[in-house]
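In what follows, a single structure is set out as structure tokens and then discussed.
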Amino acid sequence: MKRLVSCILAIPALLWGCAGPKTAAPEYPTHAAKIVAEIHDPASEYVVVASHRGDWRNYPENSIPAIESVIRMGVDIMELDLKLTKDSVLVLCHDHTIDRTTTGRGRVCDITYDSIQRCFLRTAHGVRTPQKMPTLREALEVCKDRIVVNIDQGYEFYDMALKISEELGVTEQMLIKGKRPAEAVAAKFGEYEHNMMYMPIIDILKPQGQELFGEYMSKGIVPLAYEVCWNEYTPEVKDCMEKVVESGSKLWVNSLWESLCGGLCDDVAWESGDPGSVYGKLLDMGATMIQTDRPELLISYLRSQGRHD
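Residue numbering for the sequence shown is -24 to -1, 1 to 285, as defined by mature numbering (1 follows the signal peptide of the UniProt record, and there is no 0).
Printed below as a string of structure tokens:
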């Protein structure tokens, strides 16, 4: 297997190189390169912020303006979703249909790309905009060198997506994730020429999640990060998080809604007027990567704590 497999499965020495004193802040050729370096650095106190579907409060979700907006905010990772059109074009869309997010109707897989382009994107409130549904290629061209890209929905399309990322030279900015065993991940992605980042998703209170986490731990596998999901903070959750941090992997948590984070969600942070009561607790748990639906609020809090400078 090529370098990708070491990115997924390697021991810390291979992932991060030899430890040594830091004398000065390193310089990076692009902002995306800086974020990739932060993700690879287990000692970094910088908290990486991922924006769920971009700035969907102000623009249509998974749209080019939503991507541009979070880049301006200082977001580190753009999370997006993929669907495949009838004529095999990868587009940014969360739902299986275009009913909610556009002026059209029907399943993405039953509609050609040209037909989708005759529809207009809607905001979260259902208001029609001039925007059209972008292709993955268009989105990656916007993101290149500026922001890391996390593909959430779309595991079945990863081969197609990575072919596009290779053509554009952005594979090292790609963060993909899934619930597959380590060997299956290595077999699927091991032949790609450039490194991309892979993160296992652990639903730690579910048997499948416990089994997957146990496999990675028992084999001494150290991924760059684990995405840990929980709906109630239990001793099992606490133990999992502690093991993730102790192993040298990053801890990714989702503050999107209550069932993903035991109630420590963005809306509570916003409505309480005390973001530290939510985000501070996530930091105390060891989180160094947070996916949010309120990126401005989260970044403001992190900067006040010196964790997103």
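Even glycine gets a Cβ: it sits at the ideal position worked out from N, Cα and C.
Just so you know, these numbers come straight off a predicted model, no measurement behind them.
Buried or exposed (CB count within 10 angstroms, at least 16 for buried), residue i
i	result
R279	exposed
C237	buried
A8	buried
R94	exposed
E247	exposed
H28	buried
R98	buried
C119	buried
E14	buried
C216	buried
Where residue i sits in the DSSP three-state scheme
i	result
T268	strand
S223	helix
W206	strand
T79	coil
H28	strand
P176	strand
residue 301	Since the first and last residues shown for the chain are -24 and 285, residue 301 lies out of range.
M193	helix
R156	coil
K(-3)	At K(-3) the pLDDT is 47, less than 50, meaning the model places this residue with poor confidence; the figure from the coordinates comes in the next sentence. K(-3) falls in the coil class under three-state DSSP.
L273	helix
V146	coil
K59	strand
M109	coil
Under 8 Å between C-beta atoms of residue i and residue j
i	j	result
P199	M175	yes
N126	E148	no
L240	T268	no
K155	L188	yes
M49	I266	no
V244	V229	no
G166	P18	no
A201	K219	no
V213	G262	no
P36	T105	yes
Presumed contact (8 Å Cβ cut-off) between residue i and residue j, rounded CB distance
i	j	result
T77	D71	6 Å
I92	M109	5 Å
A26	D57	Not quite, the Cβ-Cβ distance comes to about 13 Å (not below 8 Å), so this is no contact.
A115	L68	6 Å
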